[in-house]
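S.K.:
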Amino acid sequence: MVINALDNDPSTAIAMNFEATGYEYEDELLQLSIINFKGDILFNSYFKPKKHKEWTETEKENGITPEMVANAPQISEMAKQIAEIFNKADLILYSKNYSYYWLFSWSNILIQPEYRREVNVNEMITESDNFELPKDSLEKCQAILKIYKEKLHWVEDK
């Protein structure tokens with residue numbers, strides 16, 4: 131079993147994915163999904179952006195429409211719950227080509243990164259893997275976790 135990347139406790143590892151209105155600092159979170167190493171859903175919610183009314187470019191990629199988030203909470207309403215999940219994690223798996231910290235900076239979500247490991251699974255996917263992440267944020271979390279376990283040849287304890 132590969133444990134070294136998990137500091138001997140897989141229960142402190144999470145896989146996360148988010149979808150946003152764009153790729154710049156001023157963009158806003160539309161959805162956040164977090165699962166633990168066993169695949170249990172810790173958090174999965176859409177968010178209603180404060181400023182953005184449309185996001186045509188990313189809507190094509192993530193399928194999230196303004197109608198889907200019209201009655202969703204704002205991220206500030208869930209900030210405490212989200213921060214608790216992240217701050218308990220020793221390992222965060224994600225699949226973006228940019229940091230997720232900027233999405234939280236304007237939301238009063240304080241994540242303390244100095245004592246945790248982060249793994250971008252994009253770096254684990256080779257061209258020969260012929261792998262494409264699904265559109266849905268929660269399904270992406272599950273795929274991220276699967277990639278990580280497969281690349282490390284993880285064997286579950288029974």
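In this text, residue positions in the sequence shown follow our numbering: the first is 131, and each later residue adds one.
Ideal placement from N, C-alpha and C gives every residue a C-beta, glycine not left out.
Say whether the segment 185-203 touches the segment 162-169, bearing in mind that this needs 3 or more beta-carbon pairs closer than 8 Å, one atom from each stretch.
M.R.: no
S.K.: By a C-beta neighbour count over all protein chains shown, 10 Å radius and 16 as the cutoff for buried, is residue 264 buried or exposed?
M.R.: exposed
S.K.: Rounded to whole angstroms, how far is the Cβ of residue 194 from the Cβ of residue 144, which I believe are closer than 8 Å?
M.R.: About 22 Å; that fails the 8 Å criterion.
S.K.: Measure the alpha-carbon distance for residue 191 versus residue 151 and round it to whole angstroms.
M.R.: 11 Å
S.K.: Return the CA-CA distance between residue 188 and residue 209, expressed in angstroms with no decimal places.
M.R.: 23 Å
S.K.: Less than 8 Å between the beta carbons of residue 196 and residue 181, yes or no?
M.R.: no
S.K.: Which residues in the same chain as residue 154 place their Cβ atom closer than 6 Å to its Cβ, once the five residues preceding and following it in sequence are excluded?
M.R.: none
S.K.: Report the option in 281, 164, 213 whose CA atom is closest to the CA atom of residue 253.
M.R.: 281
S.K.: Which of the three DSSP states is assigned to residue 258 in this structure?
M.R.: Here the model assigns residue 258 a pLDDT of 49, short of 50, so the residue's position is not dependable, and the following value carries that caveat. Here residue 258 sits in helix by DSSP.
S.K.: Suppose you measure from the CA of residue 247 to the CA of residue 161; what does that come to, to the nearest Å?
M.R.: Cα to Cα, residue 247 sits roughly 23 Å from residue 161.
S.K.: Return the residue from the list 213, 224, 199, 269 that minimises the CA-CA distance to residue 250.
M.R.: 224
S.K.: Closer than 8 Å by C-beta to residue 258: which residues in its own chain qualify, once you throw out the five before and the five after it? Chain order, please.
M.R.: Below a pLDDT of 50, predicted positions are generally treated as unreliable, and residue 258, at 49, falls in that range; the measurement from the model is reported next regardless. If we look at residue 258 and ignore the five residues flanking it on each side, it has no Cβ neighbours.
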